[in-house]
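Engineer:
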Amino acid sequence: AAAAEQHSEHPLASAIVAAAKDRNLILGKPSSFLSTTGGGVSATISDRAILVGKPAFLRENGVSGLEALEKRAQELQVNGQTVVFVGIEKRAVGVIAASDPVKKSAAVAVRALQRLGLEVLMLTGDNEQTAQAVARELGIAQVEAGVAPKDKHKRIEQLRSSGHVVAMAGDGINDAPALAAADVGIAMGTGTDVAMESAGITLIKGDLNGILSAIRLSRAVMRNIRQNLFFAFAYNAAGIPIAAGLLYPFYGLLLSPIIAGAAMSLSSVSVISNALRLRTTALA
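In terms of our numbering, the sequence shown has 1237 at position 219, counting the first letter as 1, and numbering is strictly consecutive.
1. Which of the three DSSP states is assigned to Val1128 in this structure?
2. Quick check: what's the CA-CA separation for Arg1144 versus Val1126?
3. Mind checking Ala1187: buried by the 16 CB within 10 Å criterion, or exposed?
4. Just curious, the alpha helix (DSSP H) that Ser1180 is in, first and last residue?
5. Could you give the DSSP three-state label for Glu1027: helix, strand or coil?
6. Just list the residues that DSSP pairs Glu1162 with in beta bridges.
7. According to DSSP, is Ala1205 helix, strand or coil?
8. Determine contact between the segment 1148-1163 and the segment 1253-1263, defined as no fewer than three beta-carbon pairs at a distance below 8 Å.
9. Considering only the beta carbon of each residue, do Leu1141 and Gly1105 sit closer than 9 Å?
10. Provide the residue(s) that pair with Ser1050 in DSSP beta bridges, ordered along the chain.
11. With H, G and I counted as helix, E and B as strand and the rest as coil, what does DSSP make of Glu1081?
12. Shortest alpha-carbon distance to Leu1084 belongs to which of Arg1109, Ile1063, Gln1092, Phe1051?
13. According to DSSP, which residues form a beta bridge with Gly1228?
14. Exposed or buried, which one is Asn1308 when buried takes at least 16 other CB atoms within 10 Å?
15. By Cβ distance, which residues of its chain are closer than 6 Å to Ser1155, with the 5 residues on each side in sequence left out?
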(Lines of atoms letter the chains of each structure in order from A and count residues from 1; the text may use other names and numbers.)
(Lines give C-alpha, C1' and ligand atoms only; values in the text may rest on other atoms or scores of the structure.)
Protein backbone atom coordinates (compact mmCIF):
# COMPACT_ATOMS: atom_id res chain seq x y z
CA ALA A 1 0.00 0.00 0.00
CA ALA A 2 2.82 2.42 0.87
CA ALA A 3 4.55 1.73 -2.43
CA ALA A 4 1.34 2.52 -4.30
CA GLU A 5 0.83 5.74 -2.31
CA GLN A 6 4.32 7.16 -2.89
CA HIS A 7 3.24 9.55 -5.62
CA SER A 8 -0.03 10.65 -4.02
CA GLU A 9 -0.35 14.11 -2.45
CA HIS A 10 -3.17 13.09 -0.12
CA PRO A 11 -2.34 13.60 3.61
CA LEU A 12 -3.40 10.01 4.34
CA ALA A 13 -1.01 8.74 1.68
CA SER A 14 1.82 10.69 3.30
CA ALA A 15 0.97 9.07 6.65
CA ILE A 16 1.01 5.57 5.15
CA VAL A 17 4.36 6.13 3.44
CA ALA A 18 5.84 7.64 6.61
CA ALA A 19 4.66 4.65 8.68
CA ALA A 20 6.28 2.24 6.21
CA LYS A 21 9.57 4.12 6.35
CA ASP A 22 9.45 4.11 10.16
CA ARG A 23 9.33 0.32 9.94
CA ASN A 24 12.30 0.33 7.53
CA LEU A 25 10.23 -1.27 4.79
CA ILE A 26 11.64 -1.24 1.28
CA LEU A 27 9.11 0.31 -1.09
CA GLY A 28 8.98 -0.85 -4.67
CA LYS A 29 8.68 1.61 -7.52
CA PRO A 30 5.34 1.65 -9.35
CA SER A 31 5.57 1.11 -13.09
CA SER A 32 2.20 2.88 -13.41
CA PHE A 33 0.23 5.15 -11.11
CA LEU A 34 -3.20 6.76 -11.25
CA SER A 35 -4.89 8.88 -8.60
CA THR A 36 -8.68 9.11 -8.70
CA THR A 37 -9.95 12.20 -6.91
CA GLY A 38 -12.24 11.23 -4.06
CA GLY A 39 -11.65 7.52 -4.60
CA GLY A 40 -8.11 6.29 -4.18
CA VAL A 41 -5.03 5.27 -6.11
CA SER A 42 -4.15 2.42 -8.41
CA ALA A 43 -0.62 1.32 -9.21
CA THR A 44 1.26 -1.54 -10.79
CA ILE A 45 4.18 -2.86 -8.75
CA SER A 46 6.15 -5.93 -9.81
CA ASP A 47 3.44 -6.66 -12.39
CA ARG A 48 0.77 -6.77 -9.67
CA ALA A 49 -2.24 -4.42 -9.66
CA ILE A 50 -2.56 -2.58 -6.33
CA LEU A 51 -5.56 -0.49 -5.33
CA VAL A 52 -5.78 1.64 -2.17
CA GLY A 53 -8.79 3.75 -1.28
CA LYS A 54 -12.47 3.75 -0.40
CA PRO A 55 -14.44 0.49 -0.66
CA ALA A 56 -16.64 1.95 -3.40
CA PHE A 57 -13.53 2.76 -5.43
CA LEU A 58 -12.21 -0.78 -5.06
CA ARG A 59 -15.60 -2.26 -5.98
CA GLU A 60 -15.74 -0.11 -9.11
CA ASN A 61 -12.43 -1.66 -10.09
CA GLY A 62 -13.63 -5.23 -9.60
CA VAL A 63 -12.13 -5.98 -6.18
CA SER A 64 -13.98 -8.71 -4.25
CA GLY A 65 -13.93 -9.83 -0.62
CA LEU A 66 -14.52 -6.37 0.87
CA GLU A 67 -17.47 -7.46 3.02
CA ALA A 68 -15.28 -9.39 5.44
CA LEU A 69 -13.23 -6.26 6.15
CA GLU A 70 -16.02 -3.69 6.40
CA LYS A 71 -17.16 -4.70 9.91
CA ARG A 72 -13.66 -4.14 11.27
CA ALA A 73 -13.48 -0.87 9.36
CA GLN A 74 -16.69 0.37 10.99
CA GLU A 75 -15.29 -0.36 14.47
CA LEU A 76 -12.24 1.76 13.66
CA GLN A 77 -14.30 4.57 12.15
CA VAL A 78 -16.50 4.90 15.25
CA ASN A 79 -13.32 5.79 17.15
CA GLY A 80 -12.58 8.61 14.74
CA GLN A 81 -10.08 6.78 12.56
CA THR A 82 -9.97 7.09 8.79
CA VAL A 83 -9.85 3.74 7.04
CA VAL A 84 -8.64 2.83 3.56
CA PHE A 85 -8.96 -0.56 1.93
CA VAL A 86 -6.20 -2.37 0.09
CA GLY A 87 -6.73 -4.68 -2.85
CA ILE A 88 -4.17 -6.78 -4.72
CA GLU A 89 -5.01 -8.46 -8.00
CA LYS A 90 -8.77 -7.89 -7.62
CA ARG A 91 -8.83 -9.28 -4.08
CA ALA A 92 -9.28 -7.30 -0.83
CA VAL A 93 -6.35 -8.04 1.47
CA GLY A 94 -6.68 -5.60 4.36
CA VAL A 95 -7.51 -2.20 5.79
CA ILE A 96 -5.27 0.57 7.04
CA ALA A 97 -6.49 2.91 9.77
CA ALA A 98 -4.97 6.30 10.43
CA SER A 99 -5.96 9.02 12.83
CA ASP A 100 -4.78 12.57 13.18
CA PRO A 101 -5.37 13.58 16.81
CA VAL A 102 -7.52 16.68 16.98
CA LYS A 103 -5.44 19.57 18.26
CA LYS A 104 -6.79 21.28 21.35
CA SER A 105 -6.31 24.57 19.54
CA ALA A 106 -8.74 23.39 16.83
CA ALA A 107 -11.62 22.98 19.28
CA VAL A 108 -10.79 26.35 20.83
CA ALA A 109 -10.75 27.97 17.38
CA VAL A 110 -14.11 26.45 16.42
CA ARG A 111 -15.74 27.71 19.62
CA ALA A 112 -14.25 31.17 19.06
CA LEU A 113 -15.62 31.25 15.50
CA GLN A 114 -19.05 30.31 16.80
CA ARG A 115 -18.87 33.09 19.42
CA LEU A 116 -18.22 35.52 16.57
CA GLY A 117 -21.62 34.53 15.20
CA LEU A 118 -20.26 32.39 12.37
CA GLU A 119 -21.81 29.07 11.34
CA VAL A 120 -19.26 26.26 11.19
CA LEU A 121 -19.99 23.38 8.81
CA MET A 122 -17.80 20.32 8.34
CA LEU A 123 -17.62 19.00 4.77
CA THR A 124 -15.57 15.84 4.54
CA GLY A 125 -15.02 12.88 2.31
CA ASP A 126 -14.56 10.68 5.37
CA ASN A 127 -17.05 8.08 6.53
CA GLU A 128 -20.07 9.24 8.56
CA GLN A 129 -18.87 7.55 11.78
CA THR A 130 -15.40 9.08 11.54
CA ALA A 131 -16.80 12.52 10.73
CA GLN A 132 -19.28 12.44 13.62
CA ALA A 133 -16.59 11.36 16.10
CA VAL A 134 -14.35 14.26 15.09
CA ALA A 135 -17.27 16.71 15.00
CA ARG A 136 -18.28 15.80 18.55
CA GLU A 137 -14.75 16.46 19.75
CA LEU A 138 -14.68 19.83 17.99
CA GLY A 139 -18.19 20.88 18.96
CA ILE A 140 -19.46 21.12 15.37
CA ALA A 141 -23.17 20.45 14.98
CA GLN A 142 -23.45 20.58 11.17
CA VAL A 143 -21.65 17.69 9.50
CA GLU A 144 -21.84 16.41 5.93
CA ALA A 145 -19.79 13.24 5.44
CA GLY A 146 -18.86 11.20 2.39
CA VAL A 147 -18.80 14.33 0.23
CA ALA A 148 -16.93 13.99 -3.06
CA PRO A 149 -14.71 16.87 -4.24
CA LYS A 150 -17.18 17.95 -6.94
CA ASP A 151 -19.98 17.86 -4.36
CA LYS A 152 -17.97 20.08 -2.00
CA HIS A 153 -17.77 22.58 -4.85
CA LYS A 154 -21.53 22.32 -5.45
CA ARG A 155 -22.26 22.75 -1.73
CA ILE A 156 -20.17 25.93 -1.59
CA GLU A 157 -21.98 27.29 -4.65
CA GLN A 158 -25.31 26.39 -3.07
CA LEU A 159 -24.46 28.25 0.14
CA ARG A 160 -23.35 31.31 -1.82
CA SER A 161 -26.46 31.31 -4.00
CA SER A 162 -28.62 31.27 -0.86
CA GLY A 163 -27.04 34.54 0.24
CA HIS A 164 -24.28 33.36 2.55
CA VAL A 165 -20.74 34.71 2.48
CA VAL A 166 -18.63 31.55 2.55
CA ALA A 167 -15.08 30.98 3.76
CA MET A 168 -13.70 27.51 3.03
CA ALA A 169 -10.67 26.06 4.81
CA GLY A 170 -8.90 22.97 3.49
CA ASP A 171 -5.54 21.41 2.86
CA GLY A 172 -5.97 18.61 0.35
CA ILE A 173 -6.08 18.28 -3.41
CA ASN A 174 -9.74 17.26 -3.00
CA ASP A 175 -10.50 20.65 -1.44
CA ALA A 176 -9.10 22.72 -4.32
CA PRO A 177 -12.37 23.15 -6.32
CA ALA A 178 -14.27 24.23 -3.19
CA LEU A 179 -11.48 26.60 -2.13
CA ALA A 180 -11.65 28.28 -5.53
CA ALA A 181 -15.46 28.53 -5.40
CA ALA A 182 -15.68 30.12 -1.93
CA ASP A 183 -15.77 33.87 -1.32
CA VAL A 184 -12.61 33.35 0.71
CA GLY A 185 -10.48 30.24 0.26
CA ILE A 186 -8.16 29.44 3.17
CA ALA A 187 -5.45 26.83 2.64
CA MET A 188 -3.16 25.29 5.22
CA GLY A 189 0.54 25.84 4.63
CA THR A 190 1.09 22.20 5.56
CA GLY A 191 -1.24 21.05 2.77
CA THR A 192 -0.87 20.43 -0.95
CA ASP A 193 0.39 22.94 -3.51
CA VAL A 194 -2.87 22.68 -5.46
CA ALA A 195 -4.88 23.73 -2.40
CA MET A 196 -2.60 26.70 -1.74
CA GLU A 197 -2.80 27.82 -5.37
CA SER A 198 -6.62 27.65 -5.29
CA ALA A 199 -6.99 29.64 -2.07
CA GLY A 200 -6.77 33.36 -1.48
CA ILE A 201 -5.20 32.98 1.97
CA THR A 202 -2.55 30.51 3.12
CA LEU A 203 -1.99 29.88 6.83
CA ILE A 204 1.72 29.15 7.08
CA LYS A 205 1.48 27.16 10.33
CA GLY A 206 -1.66 25.26 9.35
CA ASP A 207 -3.33 26.28 12.62
CA LEU A 208 -7.06 27.02 12.67
CA ASN A 209 -6.41 29.90 15.04
CA GLY A 210 -4.96 31.61 11.98
CA ILE A 211 -8.51 31.83 10.61
CA LEU A 212 -9.52 33.77 13.72
CA SER A 213 -6.56 36.09 13.27
CA ALA A 214 -7.45 36.65 9.61
CA ILE A 215 -11.07 37.47 10.50
CA ARG A 216 -10.07 39.86 13.27
CA LEU A 217 -7.54 41.58 11.02
CA SER A 218 -10.01 41.90 8.14
CA ARG A 219 -12.66 43.37 10.43
CA ALA A 220 -10.13 45.82 11.88
CA VAL A 221 -9.07 46.83 8.36
CA MET A 222 -12.66 47.44 7.24
CA ARG A 223 -13.36 49.46 10.39
CA ASN A 224 -10.20 51.47 9.76
CA ILE A 225 -11.19 52.12 6.14
CA ARG A 226 -14.59 53.46 7.23
CA GLN A 227 -12.92 55.72 9.80
CA ASN A 228 -10.48 57.05 7.20
CA LEU A 229 -13.29 57.74 4.75
CA PHE A 230 -15.09 59.67 7.50
CA PHE A 231 -11.98 61.73 8.27
CA ALA A 232 -11.41 62.52 4.60
CA PHE A 233 -15.05 63.43 4.03
CA ALA A 234 -15.20 65.58 7.18
CA TYR A 235 -12.07 67.53 6.22
CA ASN A 236 -13.33 68.17 2.71
CA ALA A 237 -16.90 68.92 3.82
CA ALA A 238 -15.60 71.57 6.23
CA GLY A 239 -12.57 72.81 4.32
CA ILE A 240 -13.90 73.30 0.77
CA PRO A 241 -16.80 75.65 1.72
CA ILE A 242 -14.48 77.69 3.97
CA ALA A 243 -11.87 77.89 1.20
CA ALA A 244 -14.66 79.05 -1.16
CA GLY A 245 -15.45 81.98 1.18
CA LEU A 246 -18.40 80.64 3.16
CA LEU A 247 -17.35 82.54 6.31
CA TYR A 248 -16.44 85.82 4.57
CA PRO A 249 -19.94 87.41 4.62
CA PHE A 250 -20.27 86.72 8.35
CA TYR A 251 -16.79 87.13 9.77
CA GLY A 252 -14.77 88.58 6.91
CA LEU A 253 -12.61 85.46 7.08
CA LEU A 254 -10.83 84.06 4.06
CA LEU A 255 -8.80 80.87 4.20
CA SER A 256 -5.18 81.41 3.25
CA PRO A 257 -3.85 78.99 0.60
CA ILE A 258 -1.05 78.16 3.03
CA ILE A 259 -3.52 77.20 5.75
CA ALA A 260 -5.62 75.28 3.22
CA GLY A 261 -2.54 73.32 2.11
CA ALA A 262 -1.63 72.60 5.73
CA ALA A 263 -5.17 71.41 6.42
CA MET A 264 -5.01 69.01 3.47
CA SER A 265 -1.65 67.71 4.71
CA LEU A 266 -3.16 67.24 8.16
CA SER A 267 -5.96 65.26 6.57
CA SER A 268 -3.46 62.88 4.97
CA VAL A 269 -1.45 62.61 8.19
CA SER A 270 -4.55 61.73 10.23
CA VAL A 271 -5.57 59.03 7.73
CA ILE A 272 -2.08 57.49 7.69
CA SER A 273 -1.77 57.67 11.48
CA ASN A 274 -5.10 55.95 11.89
CA ALA A 275 -4.07 53.22 9.45
CA LEU A 276 -0.82 52.65 11.35
CA ARG A 277 -2.88 51.73 14.40
CA LEU A 278 -3.54 48.40 12.70
CA ARG A 279 -0.06 47.32 13.75
CA THR A 280 -1.27 47.20 17.35
CA THR A 281 -4.42 45.20 16.60
CA ALA A 282 -4.73 42.17 18.89
CA LEU A 283 -5.11 39.11 16.64
CA ALA A 284 -4.71 36.36 19.22
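Note that CB positions come from ideal geometry on N, CA and C, so glycine has one too. Just so you know, these numbers come straight off a predicted model, no measurement behind them.
Structural biologist: Taking the geometry as given:
1. Residue state, collapsed to three classes: helix.
2. Note that residue 1144 is Asp in the sequence shown, not Arg. Asp1144 and Val1126: Cα-Cα distance of roughly 22 Å.
3. So Ala1187 ends up on the buried side.
4. In the DSSP annotation of this structure, Ser1180 is not part of any alpha helix (DSSP H), being labelled neither H nor E.
5. If DSSP states are grouped into helix, strand and coil, Glu1027 belongs with coil.
6. The partner list for Glu1162 (beta bridge, DSSP) reads Leu1141.
7. Annotated three-state conformation of Ala1205 is strand, per DSSP.
8. A contact between stretches requires three or more CB pairs, one per stretch, nearer than 8 Å, and the segment 1148-1163 fails this requirement with the segment 1253-1263.
9. No, they are not a contact pair.
10. The partner list for Ser1050 (beta bridge, DSSP) reads Thr1062.
11. First, the amino acid is wrong: residue 1081 is Val here, not Glu. Coil at Val1081, not helix or strand.
12. Answer by Cα proximity: Arg1109.
13. BP columns for Gly1228 are empty, so no partner.
14. Absent from the model: residue 1308. The displayed extent of the chain is 1019 to 1302, so no value can be given.
15. Residue identity check: residue 1155 is Glu in the sequence provided, not Ser. So the list reads Val1120, once near-sequence residues are dropped.
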